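From first to last, the protein sequence lines are chains A and B. For the first sequence, the working numbering gives the first residue as 66, with consecutive numbering after it. For the second sequence, the working numbering gives the first residue as 86, with consecutive numbering after it.
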Amino acid sequence: QQQVKQSPQSLIVQKGGISIINCAYENTAFDYFPWYQQFPGKGPALLIAIRPDVSEKKEGRFTISFNKSAKQFSLHIMDSQPGDSATYFCAALGTGNQFYFGTGTSLTVIP
Amino acid sequence: KAGVTQTPRYLIKTRGQQVTLSCSPISGHRSVSWYQQTPGQGLQFLFEYFSETQRNKGNFPGRFSGRQFSNSRSEMNVSTLELGDSALYLCASSLTPSEAFFGQGTRLTVV
């Protein structure tokens, strides 16, 4: 059973546009929600993260929106650039220091 | 500061063989976690070690094992390899539970 559900599976956005990736979870014990960015041949790199007591966190062009009651969170990439083309994973930290990952979103930003 | 180093980067093994992968965490990080990444299942937690003790284990068969040394370096071993074990194996080191830094992974191909 997938503990964290992520959508869409793939996303194509024009340069300068907004990329939005959504995730949902069921386990209310999760208390930390990071987003990872992965380029081909590389390991995932932490992009931005949020805790459930905050509804929004912004770092540069990247924003996490968090809805605790709906158990959903999303990543917004403003002014998307071709260099943002990568696979993005949402995750949730559960007990035992175990991360539960979404299935990933392949983002392509067209110049 | 050096990142997480995984060796080797690529491996090709035959069904039935065993394999050992190595991970050197970031200096000062005592927690090391291992994940398996496949196109179908995404990133799945294998196990976590802290101060040479396995603290948590994912839902993988006993063929998958690991250990951690006193210098925090970790190894994982897979015995009796199966075709389905072909994957990218990622190691993550952490100073705190919420910050996981991933290595580039070891790409294992079982033929």
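Ideal Cβ positions, reconstructed from N, Cα and C, are used throughout, including at glycine. Here the structure is a predicted model, which means the values were calculated and not measured.
Checklist entry - If you follow the beta strand (DSSP E) that residue 149 of chain B is part of, which residue opens it and which one closes it? => result As a first step, residue 149 of chain B is located in the second sequence; it is residue number 64 there, counting from the start. Unbroken beta strand (DSSP E) run through residue 149 of chain B: 149-153.
Item to check | Counterpart residues of residue 90 of chain B in DSSP-defined beta bridges | outcome: Counted from its first residue, the second sequence places residue 90 of chain B at position 5. Partner(s): B:109.
Checklist entry - residue 119 of chain B to residue 106 of chain B, Cα distance in whole Å? => result For the purposes of this step, residue 119 of chain B is identified with residue 34 of the second sequence, where counting begins at 1. For the purposes of this step, residue 106 of chain B is identified with residue 21 of the second sequence, where counting begins at 1. Cα to Cα, the separation comes out at about 10 Å.
Next on the checklist: DSSP has residue 192 of chain B in a bridge; who is on the other side?
Outcome noted: Here residue 192 of chain B refers to the residue found at position 107 when the second sequence is read from its first residue. Residue 192 of chain B is bridged to B:95 and B:173.
Next on the checklist: Short of 9 Å Cβ to Cβ, which residues in the stretch 92-122 of chain A face chain B?
Outcome noted: 96, 97, 99, 101, 103, 106, 107, 108, 109, 110, 111, 114 and 116
Next on the checklist: Give me the DSSP bridge partner(s) of residue 161 of chain B.
Outcome noted: Taking the second sequence and counting its residues from 1, one reaches residue 161 of chain B at position 76. Bridge partners of residue 161 of chain B: B:106 and B:151.
Item to check | Closest Cα partner of residue 107 of chain A within the set B:126, B:165, B:189 and B:169 | outcome: Residue mapping note: residue 107 of chain A aligns to position 42 of the first sequence, counting from 1. For residue 107 of chain A, the nearest C-alpha among the options comes from B:189.
Checklist entry - Is the Cβ of residue 162 of chain A closer than 8 Å to any Cβ of chain B? => result Translated into the one-based positions of the first sequence, residue 162 of chain A becomes position 97. It does; some Cβ of chain B falls within 8 Å.
Checklist entry - Listing by chain order, which chain B residues have their CB less than 9 Å from the CB of residue 172 of chain A? => result The residue given as residue 172 of chain A occupies position 107 in the first sequence. Within chain B, no residue comes near residue 172 of chain A; the closest Cβ sits about 16 Å away, beyond 9 Å.
Next on the checklist: Between residue 193 of chain B and residue 117 of chain B, how many whole angstroms is the CB-CB distance? I'm expecting something under 8 Å.
Outcome noted: As a working note, residue 193 of chain B is residue 108 in the second sequence. As a working note, residue 117 of chain B is residue 32 in the second sequence. Not confirmed; about 18 Å, so no contact.
Checklist entry - From the beta carbon of residue 183 of chain B, is the nearest beta carbon of chain A less than 8 Å away? => result Along the second sequence, one-based indexing puts residue 183 of chain B at 98. Yes - at least one Cβ of chain A is within 8 Å of the one on residue 183 of chain B.
Next on the checklist: Beta carbons nearer than 8 Å to chain B: which residues of the stretch 67-84 of chain A have them?
Outcome noted: none
Checklist entry - Hey, which unbroken runs of the beta strand (DSSP E) at 3 residues or more fall wholly within the stretch 123-149 of chain B? => result 127-135 and 138-142
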